[in-house]
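Here the structure is laid out as structure tokens; the discussion comes afterwards.
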Ligand code: NAD
Ligand code: LMR
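What follows is the structure in structure tokens.
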């Protein structure tokens, strides 16, 4: 039997976690032979609700779940954590853009970055889900000077999965036949869903869906899917966000499929001319617990202009939270 790994989840009594925790405990992130200990963080007023969630976890009698820790103190919840899902944050309501949450949520991520720095495993893998996810990940990373910035990522896998699902729906082919879709940039309305390198059942994806439909319907549908769900449900996406978080962490830990890649928002190393340091979504391949940006893709002018606009938005978000970004250490340059 393997030693258990410690998985921290914040916002653990919230909507996304109500799907996420049960998938983690069932072995969907690290496989059916890997025991886990869940370390759950909430704010003090939500601790009663969190106790209820913990009762339900116990009542599932998961064979892999070896312990559950509940706390309102990040230094307890993050202690020795090997993986951290930072979900806890306020969601947007109708009519808001995700960056409107910057002020409400940014402080959470500086506190949590510091706590991860102080007590988490030195190899911790961090996924920020709480919005605005890219800039929150930047805040957490910059407040964790003893960890490597590449350990901090943000979630654009939901956008990636939305793009795959939409292409499957349009063409009638099953999702596993759709490969090499890319989301570039910010998890916001400026994100760039790119089908130019993708294929559907062996055919170039842009031809399979039709270039007009791709340019005039597909891109905007993926960009605005979060808002469409809020309008329809009266609440932001939950189950699909939890599935995307599972997919992101599983692929980072266990690897991506040969011949495919996934989208992850990660610290830019300057690839494709993107400003260094901002948390920007790139196509990546993962193996042995590491990710690597897919290099050498030809970017046409149509996509390049959109990539620039998303980069610019992230630079503006970074500048808006400058007071929460301590000076960069050598690892962050
Ligand atoms: P929710 O309101 O249902 O739950 C959020 C939970 O976080 C609440 O239980 C709250 O008490 C808790 N919380 C707040 N501050 C906290 C803190 N400092 N420490 C620990 N917990 C804290 O919201 P949700 O639907 O679960 O969404 C959570 C976040 O995820 C939102 O910001 C939402 O916009 C974002 N989101 C991101 C994506 C993505 O693709 N990146 C997708 C969906 C939702
Ligand atoms: C989503 O994409 O569904 C989430 O980021 C929630 C939102 O605010 O759109």
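Numbering (full-length UniProt numbering), first residue to last: 1 to 333.
Quick reminder that beta carbons are idealized off the backbone N, C-alpha and C, glycines included.
These numbers come from a predicted model, not from an experiment.
Check: Buried or exposed: residue 286, going by 16 or more other Cβ atoms within 10 Å of its Cβ?; Outcome: buried
Check: Quick one: Cα of residue 98 to Cα of residue 190, how far?; Outcome: 11 Å
Check: Cα-Cα, which of 145, 36, 142, 153 is closest to residue 290?; Outcome: 153
Check: Compute the Euclidean distance between the alpha carbons of residue 81 and residue 36, then round it to the nearest angstrom.; Outcome: 11 Å
Check: Which same chain residues, not among the five before or five after residue 316, have their C-beta less than 7 Å away from its C-beta?; Outcome: none
Check: Given this structure, state the Cα-to-Cα distance separating residue 21 from residue 120, to the nearest angstrom.; Outcome: 19 Å
Check: Identify the residues that DSSP records as bridge partners of residue 40: which are they?; Outcome: 9, 70
Check: Helix, strand or coil for residue 275, going by three-state DSSP, please let me know.; Outcome: coil
Check: Reducing DSSP to helix, strand and coil, say where residue 220 ends up.; Outcome: helix
Check: Around the Cβ of residue 323, are there at least 16 other Cβ atoms within 10 angstroms (buried) or fewer (exposed)?; Outcome: exposed
Check: Determine the extent of the beta strand (DSSP E) in which residue 263 is found, giving its start and end residues.; Outcome: 262-267
Check: Along the chain, where does the beta strand (DSSP E) containing residue 16 start, and where does it finish?; Outcome: Looking at the DSSP string, residue 16 is not in any beta strand (DSSP E), and its letter there is neither H nor E.
Check: What I want to know is whether the C-beta of residue 143 ends up closer than 7 Å to one or more non-hydrogen atoms of the ligand LMR.; Outcome: no
Check: Taking the straight line between their C-alpha atoms, what separation do you get for residue 108 and residue 49?; Outcome: 20 Å
Check: Just checking, does the region 269-281 make contact with the region 175-191 on the three C-beta pairs under 8 Å criterion?; Outcome: yes
Check: Taking residue 225 as the reference, give the member of 300, 160, 73, 70 with the closest Cα.; Outcome: 160
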